[in-house]
Amino acid sequence: MDEQNVYQKLAGHLSCLGMGYPTTEALLEILRETFSELEAEVALAIPTKMIPLSPVSLDDILKGLNLPREKVTDILDGLVVKGLLFSGVLENGEKGYALQQVGFGFPQTFFWKGEDTPQARKMAKLIAKYFNRQVTASAYSGQTKPFRYIPVNQSLTPELQAVYPLHMMEQVIEKAGRIALSHCPCRVSYKMLGRECPHPDEVCMKFDEMADYVIDRGIGRVISKEEAREVIRKTEEAGLVHFVDNAENGIKHNCNCCGCACWNVGNIRRRKIPRDVIMATYFLRSTNEDQCAQCGACVDICPVDALRMEEGPPIVDNEWCIGCGLCATVCPTDSVRLQLRADRSADLPEVTWTSLHRRILKEKTTDHDQ
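In terms of the working numbering, the sequence shown has 80 at position 97, counting the first letter as 1, and numbering is strictly consecutive.
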């Protein structure tokens, strides 16, 4: 297979993943930089009709190749070390491999460790070139959104907390079996491009299979549930937004995002991609206008600039509010609460992470078949 053809084929292959890679010339540049031709051929033998973090056996991969078993094993393990493949343990105890999917290793593995290296800097430039407005919108354009914002507890009434505990970070942490802490890939790569961001870097939490992966790769460290709660406390103090997988159970990771560097929140803040295209938002702000001091503190902390001061209480732009609840954390008169969106009041996240990604994969497969 000639060089141009193998990378074109790999780009098309990766686009078929549930959380797939939209094909552009910038993606081909990334693939040429990260995969040798032989590595690309081996990657083409790994199935795509899979949800993220679903490894397949070496025997399954060998079916699509005419290469010695030992050679393929060495190539696969090398791709894992480079961060280009996910690896996990199969039910029979053997090692399995999967293609990295958008948001679940690509492009995060280049930056989770937080190390400023020549290769990481090169990847930061390539990733910034690739993930433009069109590619990002395309990657998240399916009807079912893979991620959702979680509001700060203080912004929810006790009644909402009691009825919807799934919308609280405390429950996400409590349900996790294993937790790891990594660096924010958005912020790390942003700073490598010479841009300024004042927010802390080591705030990305991974749970269960994702935690195992980053720990095994040495790009994350084990933390306790108490340490995880402290991470959440510190990120709220820093004005960061919580988001997690759009599921109630089996959540794999939590990002804590800012409006300056984040690949998702930043696009919303700069009005490049509509909020509902890129993320699931279940809440919007409500203000007790009689109680509001009109101090403007909430306007300053809003990560997506969805508030403005005119005469009277702050005006909320409900087309762009992401329901993070950070405004409630700085309100001196306790005038801010979140309420369920009227147009999503009957909506709930998927029950499990697995069912979420099966739905996303089904939607993607249906779209490709049409």
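All C-beta atoms in this analysis are idealised placements derived from N, C-alpha and C, irrespective of residue type, glycine included.
Since the structure is predicted, the reported quantities are computational estimates derived from the model, not experimental observations.
For residue i, which residues of its own chain have a beta-carbon under 8 Å away from its beta-carbon, when the five flanking residues on both sides are left out?
i: ILE343; result: GLY1, MET2, ILE34, GLY125, THR127 and PRO129
i: LEU176; result: ALA107, LYS108 and ALA111
i: SER338; result: ALA230
Determine which residues share a DSSP beta bridge with residue i and list them.
i: ALA230; result: GLU333
i: CYS238; result: PHE226
i: ALA163; result: LYS189 and VAL205
i: LEU82; result: LEU68
i: ARG291; result: ILE298
i: PHE93; result: None; PHE93 has no bridge partner.
i: LEU267; result: GLN322
i: PHE87; result: GLN84
Is the beta carbon of residue j closer than 9 Å to that of residue i?
i: GLY97; j: GLU185; result: yes
i: LYS158; j: ILE206; result: no
i: SER138; j: ALA311; result: yes
i: VAL197; j: LYS189; result: yes
i: ARG258; j: GLU219; result: no
Spatial neighbours of residue i within its chain, please: CB distance less than 7 Å, with the 5 preceding and 5 following residues excluded, ordered by chain position.
i: ARG252; result: GLY242, PRO286, VAL287 and ASP288
i: ARG15; result: TYR(-10)
i: ASN247; result: CYS240, ILE261 and MET262
i: HIS166; result: PHE94, TRP95, LYS96, GLY97, ASP184, GLU185 and CYS187
Following the continuous beta strand (DSSP E) through residue i, name the residue where it begins and the one where it ends.
i: SER70; result: 68 to 72
i: VAL248; result: Where VAL248 is concerned, there is no enclosing beta strand (DSSP E), although the alpha helix (DSSP H) it sits in stretches over 248 to 252.
i: ARG320; result: 319 to 323
i: HIS133; result: Note that residue 133 is Ile in the sequence shown here, rather than His. Note, ILE133: beta strand (DSSP E), 130 to 133.
Going by alpha carbons, who is nearest to residue i out of the options?
i: ASP42; options: LEU323, GLU20, GLY66 and TYR80; result: TYR80
i: ASN237; options: ARG204, LEU14, LEU164 and ILE198; result: LEU164
i: GLN373; options: GLU74, ARG254, ALA263 and LEU67; result: What is shown of the chain runs -16 to 353, which leaves residue 373 out entirely.
i: ASP330; options: ALA120, ALA263 and THR100; result: ALA263
i: ARG200; options: GLY71, GLY308 and PRO38; result: GLY71
i: ASP228; options: LEU(-7), LYS78, LYS105 and TRP336; result: TRP336
i: HIS340; options: ASN271, ASP283, ASP273 and THR31; result: THR31
i: LEU321; options: ALA230, ARG291 and TYR147; result: TYR147
i: THR56; options: ILE156, LEU21 and GLN83; result: LEU21
i: ALA26; options: PRO257, ASP60 and PRO297; result: ASP60
i: SER269; options: PHE226, ALA325 and PRO181; result: ALA325
i: VAL354; options: TYR196, LYS174 and ILE156; result: Residue 354 lies beyond the stretch modelled for the chain, which goes from -16 to 353, so this question has no answer here.
i: GLU192; options: ALA(-6), PRO38, GLU24 and GLU220; result: PRO38
In terms of residues, what are the limits of the alpha helix (DSSP H) holding residue i?
i: LYS46; result: Per DSSP, LYS46 belongs to no alpha helix (DSSP H) and is neither H nor E.
i: THR312; result: 309 to 312
i: VAL25; result: 20 to 26
i: TYR123; result: No alpha helix (DSSP H) holds TYR123; DSSP gives it neither H nor E.
Report all residues from its chain with a CB closer than 6 Å to the CB of residue i; omit the five preceding and five following residues, and keep chain order.
i: GLN353; result: Because the pLDDT at GLN353 is just 46, under 50, the model does not fix this residue reliably, and the value given afterwards should be weighed accordingly. Result list for GLN353: empty, nothing under 6 Å.
i: CYS169; result: ALA244, CYS245 and TRP246
i: SER19; result: none
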